[in-house]
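Working notes for the structure below.
Number of protein chains: 2
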Amino acid sequence: MKDSNNIGLVNAAHPDRESWARPDDKLDLRLWLRLLTCSTLVENRLRTLMRNDFAMTLPRFDLMAQLASAPRGMKMSELSRSMMVTNGNITGIVDQLEQEGYVERQKVDTDRRSSLIRLTAEGRRKFRGMSRSYRAWVGELFEPLSEESRQQLFNLLGELKEAGRSASTPA
Amino acid sequence: MKDSNNIGLVNAAHPDRESWARPDDKLDLRLWLRLLTCSTLVENRLRTLMRNDFAMTLPRFDLMAQLASAPRGMKMSELSRSMMVTNGNITGIVDQLEQEGYVERQKVDTDRRSSLIRLTAEGRRKFRGMSRSYRAWVGELFEPLSEESRQQLFNLLGELKEAGRSASTPA
DNA sequence: TATTGTTATACTCTATAACTATA
DNA sequence: TATAGTTATAGAGTATAACAATA
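Here is the structure:
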């Protein structure tokens, strides 16, 4: 074994965002990089499928999903918080979706600065189709995990989410 | 309780990328969205810190990290695979890092099409500093998790990674 | 004064595809 | 013919900061 770059058979065979960590690195670093690898893996796959099948990007889909769960509409600031991005981004995404006819801004009486964003009928129709596929794709990707593994993973990520909440919303 | 948009106290208090899922949605969907929330949470935090403290972006740091674990250098195609992005992106990132003096391209004799990318001395120095902080930040973010939780999470994400490997490298 | 949302700016990353040099 | 890498293009997301309107 003369190759000093060798970092283990598994890593060598399947390099990924985790593979720069060494086995003797602290677990939290390796855990984070593995989390990142998993989310990149899934996101790459979903992004491609979404684009090919629906000419849709992930953030636009996410925004429509948020609205689909809020029939009364959401304010821009609420969308910003839910999607964990800054205000200006939401304006941009909503602009695009509005132009495509999937969402609409509705002025609200009680506060004339803000408006409620809602799915249009066409937006709801579009989302139903996308959502069905999205769920199926996610189902396939997670299918190899046992029900028990999924539940454990869900709970553990819940702990992590609680932990990291305080410091992580972008300005 | 007259608000039909209500999706539970926890969600209402801390909306995030997971909060459009309903409690009765399939676990795999909720699990995926929670995974996404966690990785967004951590990434947002690390991105801000990296920019503020080191004028560095996450992809550039990732690339330097890969190289730091490969003293002999890596080919562009290897970087592309490890970082799970397309070839052209790697060219762009390497170009920038080369201009900043952190990496260098070295022509290789055996195949004149390709070259080996390596950290320069300055790159190694820069990376050491960034790496120290990066590890500390990750440590803080994951600190609330017990050692056992981390280990479980690490193992479960390993399962997921194996599962999703087949279909997820971007073209 | 503080907040909601928009606008302007600039940058980074991204994929796709066409291209070159070499194998 | 196939592969390694670059270039060209276009687009999407991002943060920051300044701004207008309103609370």
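If you're matching them up, the sequences are chains A and B in order. Residue numbers 1 to 171, in this note's numbering, belong to the letters of the first sequence in order. Residue numbers 1001 to 1171, in this note's numbering, belong to the letters of the second sequence in order. Glycine residues also receive a C-beta, built at the ideal position from the N, C-alpha and C atoms. Predicted model, so just to flag it, every value in this text is computed and none were measured.
For D1028/B, the C-beta contacts it makes with chain A under 7 Å involve V138, G139, F142, R150, in order along the chain. Taking C-alpha positions only, R72/A is separated from L116/A by approximately 8 Å. Of S1077/B, S1114/B, Q1096/B, F1127/B, the smallest CA-CA separation from N1087/B is found for S1077/B. Around the C-beta of R1112/B, fewer than 16 other C-beta atoms lie within 10 Å, and the residue is accordingly described as exposed.
Two segments are said to touch when three or more pairs of C-beta atoms, one from each, lie closer than 8 Å; by this definition the segment 53–66 of chain A touches the segment 124–141 of chain A.
Note on the segment 96–122 of chain A: whole beta strand (DSSP E) runs with a minimum of 3 residues are 103–107, 115–119, in chain order. When C-beta distances to chain B are compared with 8 Å, every residue of the segment 112–133 of chain A stays at or above that value.
Using a 10 angstroms sphere on the CB of E162/A, the tally of other CB atoms stays under 16, which defines it as exposed. The three-state reading of DSSP puts M1130/B in helix, counting H, G and I together. D1025/B and R125/A have their C-alpha atoms spaced approximately 19 Å apart. Under the 8 Å Cβ criterion, the segment 148–162 of chain A counts as touching the segment 1146–1165 of chain B, having at least three qualifying pairs.
In this structure, T1037/B keeps its C-beta atom at 8 Å or more from the C-beta atom of R1022/B. With 16 or more other CB atoms across the displayed protein chains lying within 10 angstroms of its CB, G1123/B is buried.
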